[in-house]
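Enquirer: Quick one: structure below, then a few questions.
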Amino acid sequence: MWAAPLRRGFRSIVLFSSSTAMFTTVLSGSCGGIAATIVIDPARSTSIVSTRFALAQNICRTISRVDSRTSFSTHAPIMVPTPSGWYLSSMDTHIGFVDTYDVLLGVDWLVGTRARLSGSVVLDAAQELSGNVHRWERSPIAGTATSV
C-alpha cells in the first residue's frame with residue numbers, strides 16, 4: 001500500500017491488487033454534503049453508498065419494489081475532489097453493503113464523469129463536463145493553495 005501526501009485537507013491512498021491488476025483509489029470527499037470515505041474501484045461495474053453510512057447520516061433514500069424485491073437508492077450528491085476543483089454527481093446510486101468505506105464508485109461513475117486517475121489523484125476534467133447528473137466545477141481558489 002502506498003500513501004500520498006495530504007492535499008488541501010483530503011487524504012488519498014492507492015491500493016493495488018495483483019489478482020485484478022487494477023488500482024483502487026481511496027479518498028475523502030462527501031455524500032449528501034457529509035464527509036465520506038470514497039473508494040474508486042474500476043473493477044466494480046456499479047456504484048454503491050454504504051447502508052451503514054446512509055442510515056447513520058440520514059441520507060435521502062428512494063425505495064423501489066420489483067417482483068417482491070425491495071431495493072434502496074439515493075440521488076444524494078457525491079463530491080470527489082480533484083487538484084483544482086471537484087466532480088459533483090447526483091446519479092441514482094444503489095444503497096447496499098460496502099465494508100469499511102462510505103461510498104464505492106465503480107465503472108458507471110468513471111464512464112459518466114469521464115474521470116481520469118493518476119495514482120491516488122483524480123485528475124481535473126479534460127473537457128467541459130456539465131449536466132444534471134455529473135459535472136466538474138473549478139474551485140474559486142484553485143491555484144492559490146500551497147503544498148503541505
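In terms of this note's numbering, the sequence shown opens at residue 1 and continues consecutively.
Glycine included, each C-beta is placed from N, C-alpha and C at the ideal position.
1. Helix, strand or coil for residue 97? Go by DSSP, reduced to three states.
2. Indicate the three-state DSSP secondary structure (helix, strand or coil) for residue 36 in the structure shown.
3. Could you have a look at residue 30 and say whether DSSP puts it in helix, strand or coil?
4. Identify every run of the beta strand (DSSP E) within the stretch 53–115, keeping only runs that are complete inside it and at least 3 residues long; order them along the chain.
5. Are the stretch 111–126 and the stretch 61–78 touching by the rule of at least three beta carbon pairs closer than 8 Å?
6. If you compare alpha carbons, which of 32, 49, 34, 33 is closest to residue 40?
7. Taking Cβ positions only, does residue 32 come closer than 7 Å to chain D?
8. Tell me, which residues are paired with residue 117 by DSSP?
9. Can you give the Cα-Cα distance for residue 111 and residue 134, rounded to whole angstroms?
10. So, with DSSP's three-state summary, where would you put residue 46?
11. Drop a sphere of 10 angstroms on the beta-carbon of residue 81, count the other beta-carbons inside from all chains shown, and report buried for 16 or more, exposed for fewer.
12. When the distance is taken between beta carbons, is residue 105 closer than 7 Å to residue 47?
13. Rounded to whole angstroms, what is the Cα-Cα separation between residue 57 and residue 117?
Expert: Answer, in terms of the structure:
1. As a working note, residue 97 is residue 97 in the sequence shown. DSSP places residue 97 in the coil class of the three-state scheme, outside both helix and strand.
2. Along the sequence shown, read from residue 1 onward, the residue named residue 36 stands at position 36. Of the three classes helix, strand and coil, the one that applies to residue 36 here is strand, per DSSP.
3. Against the sequence shown, residue 30 aligns to sequence position 30. For residue 30, the three-state secondary structure derived from DSSP is strand.
4. Listed in chain order, the complete beta strand (DSSP E) runs (minimum 3 residues) inside the stretch 53–115 are 62–66, 69–74, 78–82, 85–89, 93–96, 103–105.
5. Output reads no: the stretch 61–78 does not touch the stretch 111–126.
6. The sequence position of residue 40 within the sequence shown is 40, counting from 1. Looking at 32, 49, 34, 33, the one whose alpha-carbon comes closest to that of residue 40 is 49.
7. No chain D is present in this structure, which holds just one protein chain.
8. Here residue 117 is taken as the residue at index 117 of the sequence shown, counted from 1. Within the DSSP secondary-structure output, residue 117 pairs in a beta bridge with 122.
9. Taking the first residue of the sequence shown as 1, we reach residue 111 at position 111. Taking the first residue of the sequence shown as 1, we reach residue 134 at position 134. Separation of residue 111 and residue 134 (C-alpha to C-alpha, rounded to the nearest whole angstrom) is 10 Å.
10. In the sequence shown, the residue the question calls residue 46 occupies position 46. In the three-state reduction of the DSSP assignment, residue 46 falls in the coil class, being assigned neither a helical nor a strand state.
11. Start at 1 with the first residue of the sequence shown, and residue 81 comes out as number 81. So residue 81 ends up on the buried side.
12. Taking the first residue of the sequence shown as position 1, residue 47 is located at position 47. Taking the first residue of the sequence shown as position 1, residue 105 is located at position 105. Yes, Cβ-Cβ distance for residue 47 and residue 105 is below 7 Å.
13. Reading the sequence shown from its first residue, position 57 is the one you call residue 57. Reading the sequence shown from its first residue, position 117 is the one you call residue 117. Roughly 28 Å between the two C-alpha positions.
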